[in-house]
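Undergrad: Residue 11 is where the sequence shown starts when you use our numbering, and the numbers rise one by one after that.
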Amino acid sequence: MQSVDEQEFSRKPLPNKWSKKEILGHLIDSAQNNVRRFIVAQYEDKPFIIYDQDKWVAISKYQQYSINDLIGFWILINKHICIVLSETSPEAAMRQCETNNSRLHTIEWLADDYIKHLLHHLHQILPLEPVAYP
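1) For A51, does the count of other Cβ atoms within 10 angstroms reach 16, so buried, or fall short, so exposed?
2) Beta carbon of A41, beta carbon of I87: below 9 angstroms?
3) Using the three-state DSSP reduction, which class does E108 fall into: helix, strand or coil?
4) Using C-beta distances below 6 angstroms, list every residue in its chain close to K56, excluding the 5 sequence neighbours before and after it, in chain order.
5) Secondary structure at H131, three-state DSSP: helix, strand or coil?
6) Does the contact criterion of 3 or more C-beta pairs under 8 angstroms hold for the region 95–103 versus the region 59–72?
7) To which residues of the same chain is E118 closer than 7 angstroms at the C-beta, ignoring the five residues directly before and after it?
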């Protein structure tokens, strides 16, 4: 695994702002919640699956993890997402899940939104130009 500056990734820009470790942890939390959506929506009718991102990050204590463990976790959960989505039929991709704000979204929409969200935060972590996320 490529060397990453642990200190840089642990630094919080402000007390109420996430460090890069916590942003990566948030991406792990997002992946976990979306895996659940991608799977449960295929066998339940419009499941209601939400999560409170700030509470997940606070309770998970991502600052205590080594950056290499976080990167490894993030890689594995995203490989799992790729497998789940690649095995999702076109019909199943149209099934819906209820998310935050009581909104119904198809699995296809959720997958597309997950990628946009992922890119937005990766551009915050890595030395890349910012990408807006709606």
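All C-beta atoms in this analysis are idealised placements derived from N, C-alpha and C, irrespective of residue type, glycine included.
TA: In short:
1) Buried is the call here.
2) Yes, Cβ-Cβ distance for A41 and I87 is below 9 angstroms.
3) DSSP, reduced to helix, strand and coil, places E108 within a strand of the structure shown.
4) Cβ neighbours of K56 within its own chain (closer than 6 angstroms, five residues either side excluded): Q106 and E108.
5) Assignment of H131 by DSSP, reduced to helix, strand and coil, places it in the helix class.
6) Counting Cβ pairs under 8 angstroms, fewer than three are found: no touch.
7) Hits under 7 angstroms: A103 and M104.
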